[in-house]
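These notes concern the structure reproduced below.
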Amino acid sequence: MAETGIMAKALAWDLELAPKQGKYLTGPRSRFRELTFAFSVFWEFIKGFRALHFIGPCITVFGSARFDENHQYYKDARELGKKISMLDLTILTGGGPGIMEAANRGAFESGGKSVGCNIKLPQEQKHNPYMHKWVTIKYFFVRKVLLVKYSYGFVVMPGGVGTMDEFFETLTLIQTATIKNFPVVIFGKYYYKDIWEMLQKMVAAKTIAEQDLNLVLFTDDIDQAVNHINFYINKHYQIKKAKPLKLLLERFV
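Residue numbers for the sequence shown follow the working numbering, beginning at 1 and rising by one.
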């Protein structure tokens, strides 16, 4: 009897999930639905390009949305945002709370430029109030492209799986020479100790090359992080800023 009850509950659970699973497990959708999805993705890119075309050059700061202003990591991100913006670089984040807010806030309050690329979630992620401009994107993969496209360097503050996703995708782009000579700062030696050791293990196992980590700085020092970013940008890039066209209703941030 107990086994029958368990099986009945399991069946009911399966039936309850079936409609949701059906979105992903029923195979290809109609050609029309796939076409409308492709147009939706295209529109999200155009919306992002229109909003962010004149914001650069940027440094993108990744990090958790869950640290409040009393946390040390929030304070560090705020100071980093301030000091990076003093290099005449725009701070670009995911536009939400926590570390993202802190980095935007540091730039915003010190007179620098602060921009965000937010995301629509089932429980809507609200943009933080410390940005001069932001765009809200429907798809995570479009958002990640935009966060890389307009940046000349990256800071990875403590965060969760989303931050890890952004970090390793960026590192993959560096490893495959899709982006070259872009500095990356992993901030938080204690927090990222295991990640850094794993990267060293990959080097030892030859699953990545030692030079793949040449651009990566592992630190707790804000000034060292800022100097690392400044060094590579001054050494490798001559930054040209695009000019807005009035005909297209374009304007600077």
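Backbone N, C-alpha and C fix where the C-beta goes; we use that ideal spot for every residue, glycine too. No experiment lies behind these values; they were computed from the predicted model shown.
| Check | Outcome |
| --- | --- |
| Whole-angstrom C-beta distance between residue 131 and residue 112, which should lie under 8 angstroms | Contact flag wrong, Cβ pair sits at about 11 angstroms. |
| Residue 51 to residue 93 span [Cα, whole Å] | 14 angstroms |
| At least three beta-carbon pairs within less than 8 angstroms, the stretch 135-148 to the stretch 114-122 | yes |
| Spatial distance of residue 165 from residue 63 (CA atoms) | 11 angstroms |
| Proximity winner among 88, 74, 168 and 89, relative to residue 103 (alpha-carbon distances) | 74 |
| Rounded C-alpha distance that separates residue 226 from residue 41 | 35 angstroms |
| Touching by the beta-carbon criterion (3+ pairs, under 8 angstroms), the stretch 217-224 and the stretch 177-195 | yes |
| Length of the line joining the Cα atoms of residue 235 and residue 71 | 34 angstroms |
| Where residue 35 falls: helix, strand or coil (DSSP) | helix |
| Member of 38, 53 and 44 whose CA lies at the smallest distance from the CA of residue 149 | 53 |
| Where residue 33 falls, given that 16 or more other Cβ within 10 Å makes a residue buried | exposed |
| Span of the beta strand (DSSP E) around residue 87 | No beta strand (DSSP E) holds residue 87; DSSP gives it neither H nor E. |
| Nearest-angstrom Cα separation, counted from residue 188 out to residue 158 | 6 angstroms |
| Whether residue 115 touches residue 133 by CB criterion (7 angstroms) | yes |
| Counted within 10 angstroms of its Cβ, other Cβ atoms place residue 146 as buried (16 or more) or exposed | buried |
| Short Cβ contact (7 angstroms threshold) for residue 82 with residue 56 | no |
| Inside the stretch 50-106 only - beta strand (DSSP E) runs reaching at least 3 residues | 58-62 and 90-93 |
| Beta-carbon separation (whole angstroms), residue 135 vs residue 80, contact threshold 8 angstroms | Going by Cβ atoms, the distance from residue 135 to residue 80 rounds to 23 angstroms, so no, they are not a contact pair. |
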